[in-house]
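Have a look at the structure below before the remarks.
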Amino acid sequence: MSCFKYFCVFFFLFLFATGISWAHPHVFMDCHLEIYWKDGKPDMCKVVWIFDKFFSNDIISAYDQDKNGIFDEQETQLVYNNAFINLKNYYYFTFIRNDGSTTSPASVFDFEASHSHGTMTYSFFVKLPPTSERKISIASYDYTYFCDIAYDKEQPVIFHCDESVQPQYTVYQDKNNPIYYNPLGAITDTRVYYEWQPGLQTYYPIEIVVTY
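Numbering (mature numbering (1 follows the signal peptide of the UniProt record, and there is no 0)) for the sequence shown: -23 to -1, 1 to 189.
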């Protein structure tokens, strides 16, 4: 697979300039999910990513063009076009499991980019598929392990629903679907390994399991 040509181009330049050794992962993100209900069922999910300082600095330097601390509509579109939309080739790092199958969104909507005190945040919405069960699992991870995505420890998920719905969640590590990656892979290495090979390490996806 090709590297994240648009998503990480500035991060690449930083690494080349400083001579940091290659090692997966290269980008670090904190994540939380916000789930919106409609007619008593989960309808949409807002995915929020908060980036590490290095990646944040490069995006802010490149796209907050007027240096006013705010991404206006034009600047947000530049971020979307040059440092986000290529993630459609990586399923937007979003995986939804319900009714025994796993899917990813074909598209996202209402993308926003913002920053505060040198920290970059992306957020976007995905439509949730209908489910016959009263359970749905949502995970945010990079199956190439180029990016390390960790859920917020205090509040990994926020529910937006009325009092007739009483959702609960658990954080589940999926040991049945391991991800293999090369910890010493070059910065352009975003290969997917479906079987373990010598030298590879193992990552187990972590998902938010919602019941209601």
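All residues carry an ideal CB built from backbone N, CA and C; glycine is no exception.
Could you check if Trp173 is buried or exposed, using at least 16 other CB atoms within 10 Å of its CB as the buried criterion? On the sequence shown, position 196 is the one that residue 173 refers to. By the 10 Å Cβ count, Trp173 comes out exposed.
How about the region 122 to 141 and the region 91 to 107: do they share at least three Cβ pairs that are nearer than 8 Å? no
Out of curiosity, what's the CA-to-CA distance linking Asp20 and Ile183? For the purposes of this step, residue 20 is taken as residue 43 along the sequence shown, with counting starting at 1. For the purposes of this step, residue 183 is taken as residue 206 along the sequence shown, with counting starting at 1. Taking the straight line from one Cα to the other gives about 21 Å.
Can you look up Lys44 in the DSSP assignment and give me helix, strand or coil? Indexing the sequence shown from 1 puts residue 44 at position 67. Residue state, collapsed to three classes: coil.
Give the DSSP-derived three-state secondary structure of Asp151 in the structure shown. Counted from its first residue, the sequence shown places residue 151 at position 174. Here Asp151 sits in coil by DSSP.
Contact between the region 147 to 164 and the region 114 to 132: three or more CB pairs below 8 Å? yes
Thinking C-alpha only, which one of Asp129, Ser109 and Asp49 is nearest Ser117? Counting from 1 along the sequence shown, the entry for residue 117 is found at position 140. The option with the nearest alpha carbon to Ser117 is Asp129.
So Leu105 and Cys22 are in contact, right, with Cβ under 8 Å, and what is the actual spacing, rounded? Indexing the sequence shown from 1 puts residue 105 at position 128. Indexing the sequence shown from 1 puts residue 22 at position 45. So it is a contact: roughly 6 Å between Cβ atoms.
I need the straight-line Cα distance from Phe(-12) to Gly17, nearest angstrom please. In the sequence shown, residue -12 corresponds to position 12, counting from 1. In the sequence shown, residue 17 corresponds to position 40, counting from 1. Reliability fails at Phe(-12), whose pLDDT of 39 lies under 50, so the model's placement of it is uncertain and no value is given.
What's the C-alpha gap between Ile73 and Ile37? Counting from 1 along the sequence shown, the entry for residue 73 is found at position 96. Counting from 1 along the sequence shown, the entry for residue 37 is found at position 60. Those two C-alpha atoms are separated by around 30 Å.
Is DSSP giving Ser33 helix, strand or coil here? The sequence position of residue 33 within the sequence shown is 56, counting from 1. Helix.
Helix, strand or coil for Ala163? Go by DSSP, reduced to three states. The residue given as residue 163 occupies position 186 in the sequence shown. It is coil, neither helix nor strand.
With DSSP run on the structure shown, which of helix, strand or coil describes Gln54? Taking the first residue of the sequence shown as position 1, residue 54 is located at position 77. Correct three-state label for Gln54: helix.
Cβ-based neighbour list, Thr71, same chain, cut-off 7 Å, excluding 5 preceding and 5 following: For the purposes of this step, residue 71 is identified with residue 94 of the sequence shown, where counting begins at 1. Once the five neighbours on either side are set aside, the close Cβ partners of Thr71 are Val24, Ser81, Pro82, Val103 and Ser117.
Using only the alpha-carbon positions, how far apart do Glu52 and Asp87 sit? Reading the sequence shown from its first residue, position 75 is the one you call residue 52. Reading the sequence shown from its first residue, position 110 is the one you call residue 87. Each residue's Cα considered, the two are about 14 Å apart.
Using only CA atoms, which one of Ser91, Asp76, Val85 and Ser78 lies nearest to Leu64? Translated into the one-based positions of the sequence shown, residue 64 becomes position 87. The shortest Cα separation from Leu64 among Ser91, Asp76, Val85 and Ser78 belongs to Val85.
Answer with buried or exposed for Ser114, where buried requires no fewer than 16 other C-beta atoms within 10 angstroms of its C-beta. Here residue 114 refers to the residue found at position 137 of the sequence shown. It is buried - the Cβ of Ser114 has at least 16 other Cβ atoms within 10 Å.
Buried or exposed for Tyr69, going by 16 or more other Cβ atoms inside 10 Å? Position 92 of the sequence shown holds residue 69. Tyr69 counts as buried, since no fewer than 16 other beta carbons sit within 10 angstroms of its beta carbon.
Going by the beta-carbon positions, is the gap between Thr96 and Ile47 smaller than 8 Å? Numbered from its first residue, the sequence shown carries residue 96 at position 119. Numbered from its first residue, the sequence shown carries residue 47 at position 70. Their beta carbons are not under 8 Å apart, which means Thr96 does not touch Ile47 by this criterion.
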